[in-house]
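Q: Below you will find the structure I want to go over with you.
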Amino acid sequence: MVVDLMLWILIVISFTFLLMRLIVAGYNYFNAPVLVSNTFKDSDLLSILIPARNEEGNIGALLDSILQQQQVKYEVIVLDDHSTDRTGAIVKDYALRHPEIKLLQGQLLPEGWTGKNFACYQLAQEATGKYLLFIDADVILEDSLVSTAVGHLKNKSLTLLSLFCQQQTTTFGEKITVPLMNYLLLTLLPLKLIESHADPIFSAACGQFMLFDGSNYRTNQWHLQVRGQVTEDLAIMRKVKENRNNGEGMLSGKLMTCRMYGGFYEAVNGFSKNFIAPFNDSIPLFIAFLTVVIAGPIAIISTGNLLLITALISLVTVTRFFTGRLSGEPIIQIILHPFQMLSFLCIGIVSIYHRCAGTGYWKGRKVVKTVFRHNI
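The sequence shown begins at 113 in the numbering used here and counts up one residue at a time.
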């Protein structure tokens, strides 16, 4: 009797949550801010700042795409963060041929900093532009992206503009992991609230593209403020809003693409370092979410009730249609949803283990230094 009651409570909670996420996904589908290519010419200097660690397979393509940018005056500074591959040599070769590109050698990582935050901090000290654009080394930019983004930042008087780029996946392992990022984002947060609502709880950002007003950045030193945070993008957006500045998160559409990871293992390792942060860094809250999104549908299917199962499939399919279209994913990939949920469970378990054990490494560095935090 008690078990049956708990099962039906879980089913009710699961359906309620599925419906809420469908509503959020639908709202984003019809209202989410998407950056649209626009002609904007600005004579002020933009500093494009790239932290790079073992990126020999990506950095050349990124620099080529930057050199194609139109209607914008820029300098490019790449920080080689103690790479053990040819990243530095590749950038040096580009710098010899293109005077707007500069190679910076990273300093030793101080205690209390994450590698990326310290790299960005060093880059900012070298930058001379009116605008500061931090981008990851594995993104590709369409030729109008930078000028369009600068124009948007300037026209809306933003302190920070962050873009969620269109993710590219090649292997099966990538297809059942990488889409989880946008699926979670677009079903949990109406993106318009990032800019329209002052409460920092409505915050999201993507470290792949962070464009700042340079004067504001130099005053506040955002990466210094969040120097020990693994999810520096989210932490900075929250700080910006707490400081009563204007920040906005947008979808890049086809103007920016990225292949984040090369396979399943790399994706699980990469995502596990930061999946708990959006849940207020709370393991109990994250476990509750995992229970509802994983165990809930299993409970529904276990009833054998065709009406409930049909309702479940319908809610998930429509939700994935909305998020998939916004993310530029083929519609056929909706059928991968069950595999993606299993991947989410795997990432969740690894994330919890690393957080509790104080372990976790990315590109040879320990990135998880805090343990269990009681936030709820």
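Cβ coordinates follow ideal geometry from the N, Cα and C atoms, glycine included.
Do three or more CB pairs link the region 433 to 447 to the region 374 to 393 at distances below 8 Å?
A: no
Q: Curious, which full-length alpha helix (DSSP H) runs of at least 4 residues does the region 152 to 234 contain?
A: Within the region 152 to 234, the complete alpha helix (DSSP H) runs of at least 4 residues are 171 to 179 and 199 to 209.
Q: By DSSP's criteria, V251 is part of a beta bridge. Which residues make up the other side?
A: C370
Q: Enumerate in chain order the residues of its own chain whose CB-to-CB distance from I213 is below 6 Å, with the five nearest sequence positions on each side excluded.
A: Residues of the same chain with a CB within less than 6 Å of the CB of I213, apart from the 5 flanking positions on each side, are V188, Y206 and A207 in chain order.
Q: By how many angstroms is the C-alpha of I399 removed from the C-alpha of F484?
A: Per-residue confidence for F484 stands at a pLDDT of 33, beneath the threshold of 50, marking its modelled position as unreliable; the derived number appears in the next sentence. One C-alpha to the other measures close to 13 Å.
Q: Whether or not the region 228 to 242 and the region 188 to 201 are in contact is what I'm after, with contact meaning three or more pairs of Cβ atoms, one per stretch, closer than 8 Å; do they touch?
A: yes
Q: Quick one: measure Cβ to Cβ for L303 and N140, integer angstroms, because I've assumed they're closer than 8 Å.
A: 6 Å
Q: Counting only runs that start and end within the region 253 to 325, where is the beta strand (DSSP E) found for 3 or more residues in a row?
A: Runs of the beta strand (DSSP E) inside the region 253 to 325: 272 to 276 and 321 to 325.
Q: Can you give me the C-alpha to C-alpha distance between S126 and W120, rounded to a whole angstrom?
A: 10 Å
Q: Leaving out five residues on either side along the sequence, give the residues of the same chain with a beta carbon under 7 Å from the beta carbon of T128.
A: none
Q: Give the C-beta separation of R198 and E168 to the nearest angstrom, bearing in mind that I take them to be a contact with Cβ-Cβ under 8 Å.
A: 4 Å
Q: On a Cα-Cα basis, can you pick out the residue from L336, L292 and L420 that is closest to F451?
A: Among L336, L292 and L420, the Cα nearest to that of F451 is on L292.
Q: Between the region 424 to 443 and the region 342 to 357, do at least 3 Cβ pairs fall closer than 8 Å?
A: Touching, no.
Q: Exposed or buried, what is E286 when buried is set at 16 or more other beta-carbons lying within 10 Å of its beta-carbon?
A: Burial is judged here by how many other beta carbons sit within 10 angstroms of a residue's own beta carbon; E286 has at least 16 and is buried.
Q: In this structure, does DSSP put E493 in helix, strand or coil?
A: Nothing about residue 493 can be read from this structure; the chain reaches only from 113 to 488.
Q: By the three-class DSSP mapping on this structure, what secondary structure does G460 have?
A: helix
Q: In its own chain, which residues sit with a C-beta less than 6 Å from the C-beta of R350, not counting the 5 before and 5 after it?
A: P312 and S315
Q: Taking only heavy atoms of the ligand GDP into account, decide whether any of them is closer than 8 Å to the Cβ of F276.
A: This structure lacks the ligand GDP; in fact it carries no ligand of any kind.
Q: Expressed to the nearest angstrom, what Euclidean distance is found between the alpha-carbon atoms of L438 and I171?
A: 27 Å
Q: Could you compute how far the alpha carbon of I135 sits from the alpha carbon of L157?
A: 42 Å
Q: Once DSSP output is grouped into helix, strand and coil, what is the label at E360?
A: The DSSP-derived three-state label of E360 is strand.
Q: In whole angstroms, what is the alpha-carbon distance linking A249 and L454?
A: Answer to the nearest angstrom: the Cα atoms are 29 Å apart.
Q: If we ignore side chains and look at the alpha-carbon of each, how far apart do L220 and K266 end up?
A: Near 35 Å, if we compare the C-alpha coordinates of K266 and L220.
Q: Put F387 into one of helix, strand or coil per three-state DSSP.
A: coil
Q: Comparing C-alpha positions only, which one of Y243, I252, K228 and F456 sits nearest to F376?
A: F456
Q: Which of helix, strand or coil does DSSP assign to I488?
A: Because I488 sits at a pLDDT of 30, beneath the cut-off of 50, its placement in the model cannot be relied upon, and the point is left open.
Q: Closest to F152 by C-alpha separation, out of Q182, L296, P409 and E223, would be which residue?
A: Q182
Q: Quick check: the region 325 to 340 against the region 253 to 263, are at least 3 beta-carbon pairs closer than 8 Å?
A: Result no; under three Cβ-Cβ pairs closer than 8 Å.
Q: Alpha carbon to alpha carbon, what distance is there between A310 and L273?
A: 15 Å
Q: Helix, strand or coil, according to DSSP, for V146 in the structure here?
A: strand
Q: Please report the straight-line C-alpha distance between I388 and Q180, rounded to a whole angstrom.
A: 37 Å
Q: Hey, would you say L298 sits closer than 9 Å to I160, going by beta carbons?
A: no
Q: Less than 7 Å between C-beta atoms, sequence neighbours within five positions excluded: which residues of the same chain meet that for Q62?
A: The structure shown does not extend to residue 62, since the chain is modelled only from 113 to 488, so the question has no answer here.
Q: If P163 and K268 are in contact, beta carbons under 8 Å, what's the gap, nearest whole angstrom?
A: Their Cβ separation, rounded to whole angstroms, is 26 Å, which puts P163 and K268 out of contact at 8 Å.
Q: Per DSSP, F95 forms a beta bridge with which residues?
A: Within the shown structure, residues of the chain are numbered from 113 to 488, placing residue 95 beyond reach of any answer.
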